[in-house]
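Residue numbers for the sequence shown follow my numbering, so the first one is 98 and each next one is one higher.
Beta carbons: idealized from backbone N, C-alpha and C, even for Gly.
Quick caveat, the model's predicted, so the values are computed rather than measured.
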Amino acid sequence: MAKVIGIDLGTTNSVVAVMEGGDPVVITTAEGSRLLPSVVAFNKNGERLVGQTAKRQAVVNPENTVYSIKRLMGRRYEEVETERKMVSYPVVRGAAGDARVKIPQTNHEYTPQEISAMILAKLKTDAEAYLGEPVTQAVITVPAYFNDSQRQATKDAGKIAGLEVLRIINEPTASALAYGLDKKKNEKILVFDLGGGTFDVSVLEVGDGVFEVKSTSGDTHLGGDDWDQRIVTWAADEFKKQEGVDLHNDRQALQRLREAAEKAKIELSTMMETEINLPYITADASGPKHLQVRLSRAKFEQLTSDLLERTRKPFEAALKDAGLNTGGIDEVVLVGGSTRMPMVQELV
98 MAKVIGIDLG TTNSVVAVME GGDPVVITTA EGSRLLPSVV AFNKNGERLV
148 GQTAKRQAVV NPENTVYSIK RLMGRRYEEV ETERKMVSYP VVRGAAGDAR
198 VKIPQTNHEY TPQEISAMIL AKLKTDAEAY LGEPVTQAVI TVPAYFNDSQ
248 RQATKDAGKI AGLEVLRIIN EPTASALAYG LDKKKNEKIL VFDLGGGTFD
298 VSVLEVGDGV FEVKSTSGDT HLGGDDWDQR IVTWAADEFK KQEGVDLHND
348 RQALQRLREA AEKAKIELST MMETEINLPY ITADASGPKH LQVRLSRAKF
398 EQLTSDLLER TRKPFEAALK DAGLNTGGID EVVLVGGSTR MPMVQELV
(Lines of atoms letter the chains of each structure in order from A; the text may use other names.)
(Lines give C-alpha, C1' and ligand atoms only; values in the text may rest on other atoms or scores of the structure.)
Protein backbone atom coordinates (compact mmCIF):
# COMPACT_ATOMS: atom_id res chain seq x y z
CA MET A 98 0.00 0.00 0.00
CA ALA A 99 1.35 3.43 -0.97
CA LYS A 100 2.60 5.54 1.90
CA VAL A 101 0.89 8.78 2.90
CA ILE A 102 3.25 11.53 4.08
CA GLY A 103 2.52 14.11 6.77
CA ILE A 104 3.76 17.63 6.14
CA ASP A 105 4.16 20.58 8.48
CA LEU A 106 4.29 23.50 6.05
CA GLY A 107 5.76 26.22 8.26
CA THR A 108 6.46 29.92 7.85
CA THR A 109 10.16 29.48 8.61
CA ASN A 110 10.80 25.74 8.28
CA SER A 111 8.90 22.73 6.97
CA VAL A 112 9.05 19.05 7.90
CA VAL A 113 7.92 15.79 6.30
CA ALA A 114 7.22 12.54 8.16
CA VAL A 115 5.85 9.08 7.48
CA MET A 116 4.31 6.38 9.67
CA GLU A 117 6.53 3.33 10.10
CA GLY A 118 5.32 0.52 12.33
CA GLY A 119 2.76 2.76 14.00
CA ASP A 120 5.25 5.53 14.80
CA PRO A 121 5.91 8.77 12.92
CA VAL A 122 9.43 9.05 11.49
CA VAL A 123 10.75 12.44 10.40
CA ILE A 124 12.45 12.16 7.01
CA THR A 125 15.77 13.96 6.65
CA THR A 126 16.22 16.18 3.61
CA ALA A 127 18.75 15.41 0.87
CA GLU A 128 20.99 17.94 2.67
CA GLY A 129 20.85 15.81 5.83
CA SER A 130 18.63 18.01 8.02
CA ARG A 131 15.26 17.28 9.62
CA LEU A 132 14.12 20.82 8.85
CA LEU A 133 13.74 22.30 5.37
CA PRO A 134 13.91 26.11 5.41
CA SER A 135 10.69 27.38 3.77
CA VAL A 136 12.69 29.45 1.27
CA VAL A 137 12.60 29.51 -2.55
CA ALA A 138 15.07 31.45 -4.70
CA PHE A 139 15.80 32.07 -8.37
CA ASN A 140 19.48 32.63 -9.20
CA LYS A 141 21.03 34.51 -12.11
CA ASN A 142 21.29 31.33 -14.18
CA GLY A 143 17.53 30.99 -13.93
CA GLU A 144 17.85 27.97 -11.62
CA ARG A 145 15.29 27.44 -8.87
CA LEU A 146 16.65 26.70 -5.40
CA VAL A 147 14.58 25.39 -2.50
CA GLY A 148 15.45 25.07 1.19
CA GLN A 149 18.97 25.38 2.59
CA THR A 150 20.59 26.27 -0.75
CA ALA A 151 18.05 29.07 -1.24
CA LYS A 152 18.53 30.37 2.30
CA ARG A 153 22.33 30.40 2.00
CA GLN A 154 22.34 32.79 -0.97
CA ALA A 155 19.62 35.14 0.35
CA VAL A 156 22.07 37.89 1.33
CA VAL A 157 23.53 38.21 -2.17
CA ASN A 158 20.17 37.81 -3.94
CA PRO A 159 17.52 39.35 -1.65
CA GLU A 160 14.93 40.44 -4.22
CA ASN A 161 14.78 36.97 -5.84
CA THR A 162 14.62 35.01 -2.56
CA VAL A 163 11.15 34.27 -1.18
CA TYR A 164 10.60 33.42 2.50
CA SER A 165 7.64 33.59 4.96
CA ILE A 166 5.28 32.86 2.04
CA LYS A 167 2.79 31.29 4.46
CA ARG A 168 1.86 34.79 5.59
CA LEU A 169 0.58 35.56 2.06
CA MET A 170 -1.37 32.31 1.53
CA GLY A 171 -5.02 32.91 0.66
CA ARG A 172 -4.70 36.64 1.37
CA ARG A 173 -5.82 39.67 -0.60
CA TYR A 174 -3.20 42.27 -1.51
CA GLU A 175 -4.63 44.94 0.81
CA GLU A 176 -4.59 42.50 3.76
CA VAL A 177 -0.81 42.10 3.70
CA GLU A 178 0.41 45.68 4.04
CA THR A 179 2.53 44.83 7.12
CA GLU A 180 3.95 41.68 5.52
CA ARG A 181 4.92 43.58 2.33
CA LYS A 182 7.16 45.89 4.36
CA MET A 183 8.90 42.99 6.10
CA VAL A 184 10.21 41.12 3.06
CA SER A 185 13.04 41.80 0.61
CA TYR A 186 11.16 40.60 -2.50
CA PRO A 187 8.43 42.53 -4.37
CA VAL A 188 4.80 41.68 -3.47
CA VAL A 189 2.28 42.80 -6.12
CA ARG A 190 -1.47 42.76 -6.67
CA GLY A 191 -2.68 39.83 -8.81
CA ALA A 192 -5.45 40.12 -11.41
CA ALA A 193 -7.99 38.83 -8.87
CA GLY A 194 -6.80 41.24 -6.17
CA ASP A 195 -4.72 38.53 -4.48
CA ALA A 196 -1.18 39.00 -3.14
CA ARG A 197 1.52 37.65 -5.46
CA VAL A 198 5.30 37.58 -5.62
CA LYS A 199 7.08 39.29 -8.53
CA ILE A 200 10.53 37.84 -9.20
CA PRO A 201 12.77 40.31 -11.07
CA GLN A 202 15.14 37.52 -12.22
CA THR A 203 12.41 35.64 -14.14
CA ASN A 204 10.14 38.68 -14.67
CA HIS A 205 7.29 36.44 -13.60
CA GLU A 206 4.52 36.67 -11.02
CA TYR A 207 3.98 33.69 -8.73
CA THR A 208 1.01 33.01 -6.49
CA PRO A 209 1.81 32.06 -2.88
CA GLN A 210 0.36 28.63 -3.75
CA GLU A 211 2.95 28.16 -6.52
CA ILE A 212 5.83 29.12 -4.20
CA SER A 213 4.49 26.84 -1.44
CA ALA A 214 4.13 24.06 -4.03
CA MET A 215 7.88 24.32 -4.74
CA ILE A 216 8.57 23.68 -1.03
CA LEU A 217 6.06 20.80 -0.96
CA ALA A 218 7.56 19.29 -4.14
CA LYS A 219 11.02 19.28 -2.51
CA LEU A 220 9.61 17.53 0.59
CA LYS A 221 7.84 15.04 -1.70
CA THR A 222 11.09 14.31 -3.59
CA ASP A 223 13.03 13.83 -0.33
CA ALA A 224 10.31 11.48 0.97
CA GLU A 225 10.39 9.45 -2.26
CA ALA A 226 14.18 9.12 -2.03
CA TYR A 227 13.85 7.88 1.57
CA LEU A 228 10.97 5.46 0.87
CA GLY A 229 12.20 4.28 -2.53
CA GLU A 230 8.73 4.59 -4.02
CA PRO A 231 6.48 7.31 -5.48
CA VAL A 232 4.42 9.40 -3.05
CA THR A 233 1.11 10.87 -4.21
CA GLN A 234 -0.89 11.48 -1.03
CA ALA A 235 -0.33 13.75 1.94
CA VAL A 236 -1.83 15.24 5.07
CA ILE A 237 -0.81 18.88 5.65
CA THR A 238 -1.09 20.92 8.84
CA VAL A 239 -2.35 24.52 9.04
CA PRO A 240 -2.82 26.99 11.90
CA ALA A 241 -6.18 26.42 13.61
CA TYR A 242 -6.99 30.04 12.92
CA PHE A 243 -6.56 29.75 9.12
CA ASN A 244 -9.77 30.71 7.30
CA ASP A 245 -11.34 28.81 4.38
CA SER A 246 -9.41 30.80 1.78
CA GLN A 247 -6.06 30.05 3.49
CA ARG A 248 -6.96 26.35 3.84
CA GLN A 249 -7.98 26.12 0.19
CA ALA A 250 -4.72 27.82 -0.84
CA THR A 251 -2.81 25.14 1.11
CA LYS A 252 -4.75 22.36 -0.67
CA ASP A 253 -4.11 24.03 -4.04
CA ALA A 254 -0.37 24.19 -3.29
CA GLY A 255 -0.42 20.44 -2.63
CA LYS A 256 -2.20 19.80 -5.91
CA ILE A 257 0.34 21.89 -7.87
CA ALA A 258 3.12 19.85 -6.20
CA GLY A 259 1.50 16.63 -7.43
CA LEU A 260 0.00 15.63 -4.10
CA GLU A 261 -3.54 14.62 -3.33
CA VAL A 262 -4.19 16.31 0.01
CA LEU A 263 -6.27 13.78 1.92
CA ARG A 264 -6.76 16.03 4.88
CA ILE A 265 -5.87 19.42 6.30
CA ILE A 266 -5.18 19.04 10.03
CA ASN A 267 -5.08 21.84 12.59
CA GLU A 268 -1.57 22.29 13.98
CA PRO A 269 -2.62 22.25 17.69
CA THR A 270 -4.30 18.85 17.20
CA ALA A 271 -1.20 17.55 15.41
CA SER A 272 0.97 18.90 18.25
CA ALA A 273 -1.14 17.22 20.91
CA LEU A 274 -0.85 13.93 18.99
CA ALA A 275 2.91 14.38 18.70
CA TYR A 276 3.18 14.83 22.47
CA GLY A 277 1.24 11.59 22.98
CA LEU A 278 -1.59 13.45 24.69
CA ASP A 279 -4.17 11.24 22.96
CA LYS A 280 -3.25 8.61 25.56
CA LYS A 281 -4.60 10.83 28.36
CA LYS A 282 -7.89 10.26 30.14
CA ASN A 283 -10.33 13.18 30.18
CA GLU A 284 -7.97 16.13 30.29
CA LYS A 285 -8.24 19.71 29.13
CA ILE A 286 -5.13 20.82 27.25
CA LEU A 287 -4.15 24.31 26.17
CA VAL A 288 -1.89 24.47 23.11
CA PHE A 289 0.00 27.76 22.78
CA ASP A 290 1.56 27.81 19.30
CA LEU A 291 3.73 30.78 18.36
CA GLY A 292 5.56 30.05 15.12
CA GLY A 293 7.53 32.17 12.67
CA GLY A 294 4.49 33.87 11.19
CA THR A 295 1.30 32.78 12.91
CA PHE A 296 -0.08 32.53 16.44
CA ASP A 297 -2.70 30.08 17.68
CA VAL A 298 -4.19 29.18 21.03
CA SER A 299 -6.47 26.17 21.26
CA VAL A 300 -8.19 24.41 24.12
CA LEU A 301 -8.62 20.69 23.48
CA GLU A 302 -10.48 18.12 25.51
CA VAL A 303 -9.08 14.62 25.24
CA GLY A 304 -10.48 11.30 26.35
CA ASP A 305 -10.02 7.75 25.05
CA GLY A 306 -7.89 8.87 22.11
CA VAL A 307 -10.47 11.37 20.84
CA PHE A 308 -9.75 15.10 20.66
CA GLU A 309 -12.50 17.64 20.84
CA VAL A 310 -11.51 21.22 20.05
CA LYS A 311 -13.31 23.33 22.65
CA SER A 312 -12.10 26.69 21.37
CA THR A 313 -9.51 28.29 19.20
CA SER A 314 -8.24 31.82 18.82
CA GLY A 315 -5.19 33.46 17.33
CA ASP A 316 -3.58 36.05 15.12
CA THR A 317 -2.42 35.10 11.63
CA HIS A 318 -0.39 38.34 11.53
CA LEU A 319 1.83 37.54 14.52
CA GLY A 320 4.94 35.39 14.82
CA GLY A 321 8.68 35.26 15.42
CA ASP A 322 9.26 37.25 12.20
CA ASP A 323 7.72 40.26 13.96
CA TRP A 324 10.16 39.99 16.87
CA ASP A 325 13.04 39.82 14.35
CA GLN A 326 11.71 42.88 12.54
CA ARG A 327 11.80 44.96 15.76
CA ILE A 328 15.51 44.16 16.15
CA VAL A 329 16.13 45.04 12.48
CA THR A 330 14.39 48.43 12.84
CA TRP A 331 16.14 49.22 16.14
CA ALA A 332 19.61 48.26 14.84
CA ALA A 333 19.12 50.26 11.62
CA ASP A 334 18.00 53.29 13.68
CA GLU A 335 21.05 52.96 15.97
CA PHE A 336 23.32 52.74 12.92
CA LYS A 337 21.74 55.88 11.46
CA LYS A 338 22.40 57.73 14.74
CA GLN A 339 26.03 56.57 14.82
CA GLU A 340 26.96 56.82 11.14
CA GLY A 341 24.29 59.03 9.56
CA VAL A 342 23.52 56.35 6.96
CA ASP A 343 19.98 54.98 6.50
CA LEU A 344 19.90 51.22 5.84
CA HIS A 345 16.10 51.03 5.58
CA ASN A 346 16.15 51.09 1.76
CA ASP A 347 19.23 48.89 1.26
CA ARG A 348 17.84 45.43 0.49
CA GLN A 349 21.13 43.59 0.81
CA ALA A 350 22.02 45.25 4.13
CA LEU A 351 18.52 44.55 5.46
CA GLN A 352 18.77 40.87 4.54
CA ARG A 353 22.07 40.58 6.43
CA LEU A 354 20.51 42.41 9.34
CA ARG A 355 17.44 40.15 9.28
CA GLU A 356 19.60 37.03 9.61
CA ALA A 357 21.65 38.65 12.40
CA ALA A 358 18.43 39.70 14.18
CA GLU A 359 17.09 36.15 14.20
CA LYS A 360 20.42 34.92 15.61
CA ALA A 361 20.39 37.65 18.29
CA LYS A 362 16.81 36.76 19.28
CA ILE A 363 17.76 33.09 19.70
CA GLU A 364 20.87 33.99 21.73
CA LEU A 365 18.81 36.21 24.05
CA SER A 366 16.75 33.18 25.08
CA THR A 367 19.79 31.88 26.99
CA MET A 368 21.94 35.02 27.42
CA MET A 369 21.26 38.40 29.01
CA GLU A 370 23.09 40.32 26.28
CA THR A 371 24.27 39.76 22.72
CA GLU A 372 26.19 41.66 20.05
CA ILE A 373 25.15 42.25 16.46
CA ASN A 374 28.35 42.65 14.47
CA LEU A 375 28.12 43.16 10.70
CA PRO A 376 31.36 44.37 9.09
CA TYR A 377 31.18 46.21 5.75
CA ILE A 378 27.39 46.62 5.99
CA THR A 379 27.61 49.60 3.63
CA ALA A 380 30.00 52.30 2.42
CA ASP A 381 29.98 55.99 1.68
CA ALA A 382 32.53 58.49 0.33
CA SER A 383 34.63 58.14 3.48
CA GLY A 384 34.92 54.35 3.07
CA PRO A 385 33.33 51.17 4.44
CA LYS A 386 30.98 51.23 7.44
CA HIS A 387 30.58 48.53 10.07
CA LEU A 388 27.51 47.89 12.18
CA GLN A 389 28.23 46.92 15.78
CA VAL A 390 25.54 47.18 18.47
CA ARG A 391 24.91 45.47 21.80
CA LEU A 392 21.39 44.36 22.64
CA SER A 393 20.31 43.31 26.14
CA ARG A 394 17.42 40.97 26.86
CA ALA A 395 15.74 43.81 28.82
CA LYS A 396 15.98 46.16 25.82
CA PHE A 397 14.69 43.43 23.48
CA GLU A 398 11.72 42.82 25.79
CA GLN A 399 11.03 46.56 25.88
CA LEU A 400 11.15 46.79 22.04
CA THR A 401 8.66 43.92 21.68
CA SER A 402 6.40 44.37 24.73
CA ASP A 403 3.37 45.23 22.56
CA LEU A 404 3.87 42.04 20.49
CA LEU A 405 3.86 39.98 23.67
CA GLU A 406 0.72 41.82 24.79
CA ARG A 407 -0.96 40.83 21.49
CA THR A 408 -0.69 37.15 22.49
CA ARG A 409 -2.69 37.82 25.66
CA LYS A 410 -6.07 38.58 24.06
CA PRO A 411 -6.36 35.35 21.98
CA PHE A 412 -5.10 33.41 25.03
CA GLU A 413 -7.88 34.85 27.20
CA ALA A 414 -10.46 34.51 24.40
CA ALA A 415 -9.69 30.79 23.95
CA LEU A 416 -10.18 30.17 27.69
CA LYS A 417 -13.39 32.23 27.77
CA ASP A 418 -14.85 30.48 24.71
CA ALA A 419 -14.09 27.11 26.31
CA GLY A 420 -15.84 28.28 29.49
CA LEU A 421 -12.69 27.81 31.57
CA ASN A 422 -10.28 29.75 33.71
CA THR A 423 -6.56 28.97 33.98
CA GLY A 424 -7.23 26.60 36.89
CA GLY A 425 -9.35 24.38 34.62
CA ILE A 426 -6.41 23.48 32.35
CA ASP A 427 -4.61 20.20 33.09
CA GLU A 428 -1.68 20.62 30.69
CA VAL A 429 -0.12 23.39 28.65
CA VAL A 430 1.78 22.57 25.46
CA LEU A 431 4.14 25.22 24.07
CA VAL A 432 4.70 24.79 20.33
CA GLY A 433 6.81 26.75 17.85
CA GLY A 434 10.33 28.12 18.10
CA SER A 435 9.12 31.50 19.36
CA THR A 436 7.84 29.98 22.62
CA ARG A 437 11.50 29.49 23.60
CA MET A 438 11.70 33.20 24.37
CA PRO A 439 11.72 33.64 28.17
CA MET A 440 9.20 36.50 27.95
CA VAL A 441 6.67 34.18 26.27
CA GLN A 442 7.22 31.39 28.80
CA GLU A 443 6.77 33.84 31.68
CA LEU A 444 3.52 35.16 30.21
CA VAL A 445 2.06 31.67 29.79
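With a threshold of 16 other beta carbon atoms within 10 Å, residue 128 falls short and is exposed.
When the Cα atoms are used, residue 118 and residue 227 turn out to be separated by approximately 16 Å. Leaving aside the five residues that flank residue 431 on each side, the residues in its chain whose CB is nearer than 6 Å to its CB run, in chain order, 289.
By alpha-carbon distance to residue 271, the top candidate from 309, 386, 225, 282 is 309.
The residue from 242, 262, 211, 216 with its alpha-carbon nearest to that of residue 234 is 262. The DSSP-derived three-state label of residue 341 is coil. In the three-state scheme derived from DSSP, where H, G and I count as helix and E and B as strand, residue 252 is classed as helix. Only buried fits residue 323, as 16 or more other CB atoms lie within 10 angstroms of its CB. About 7 Å separates the Cβ atoms of residue 278 and residue 428, confirming a contact at the 8 Å cut-off. For residue 259 and residue 362, the gap between their C-alpha atoms comes out near 37 Å. For residue 156, the closest C-alpha among the options 357, 352, 133, 181 is that of 352.
By the Cβ test, the region 331 to 342 is not in contact with the region 294 to 310, since fewer than three Cβ pairs between them sit closer than 8 Å.
Beta-bridge analysis with DSSP links residue 239 to 267.
For residue 155, the three-state secondary structure derived from DSSP is coil. Using a Cβ-Cβ distance cut-off of 8 Å, the region 341 to 355 and the region 138 to 158 are in contact, since at least three pairs of beta carbons, one from each stretch, lie closer than that value. Nearest in C-alpha terms to residue 249, of all of 222, 231, 276, 209, is 209. With respect to residue 385, residue 316 sits apart: the two C-beta atoms are not nearer than 8 Å. For residue 232, there is no enclosing alpha helix (DSSP H), since its DSSP letter is neither H nor E. When DSSP states are grouped into helix, strand and coil, residue 273 belongs to the helix group. Each of 102, 371, 124 was checked against the Cα of residue 264, and the nearest Cα belongs to 102. The three-state reading of DSSP puts residue 161 in helix, counting H, G and I together.
Boundaries of the alpha helix (DSSP H) harbouring residue 352: 348 to 364, taken from the DSSP string. For residue 121 and residue 292, the gap between their C-alpha atoms comes out near 21 Å. Per DSSP, reduced to three states, the secondary structure at residue 434 is helical.
For residue 371, the enclosing beta strand (DSSP E) covers residues 370 to 381.
With a threshold of 16 other beta carbon atoms within 10 Å, residue 391 falls short and is exposed.
Cα atoms of residue 276 and residue 388: separation of roughly 42 Å, rounded to the nearest angstrom.
Contact between the region 164 to 174 and the region 240 to 256 is established, with three or more Cβ pairs separated by less than 8 Å. In chain order, 332, 357, 361, 390 place their CB closer than 6 Å to the CB of residue 373, counting only its own chain and leaving out the 5 sequence neighbours on each side. According to DSSP, residue 116 shares a beta bridge with 121. For residue 146, the uninterrupted beta strand (DSSP E) run begins and ends at 145 to 147, by DSSP. Around the beta carbon of residue 439, fewer than 16 other beta carbons sit within 10 angstroms, so the residue counts as exposed. With respect to the 8 Å criterion, residue 177 and residue 188 are classified as neighbours on the basis of their beta carbons. The beta carbon of residue 200 sits closer than 6 Å to those of 139, 161, all from its chain and outside the five residues before and after it, given in chain order.
In this structure, DSSP gives residue 421 a state outside helix and strand, which the three-state scheme calls coil. For residue 188, the uninterrupted beta strand (DSSP E) segment begins and ends at 188 to 190.
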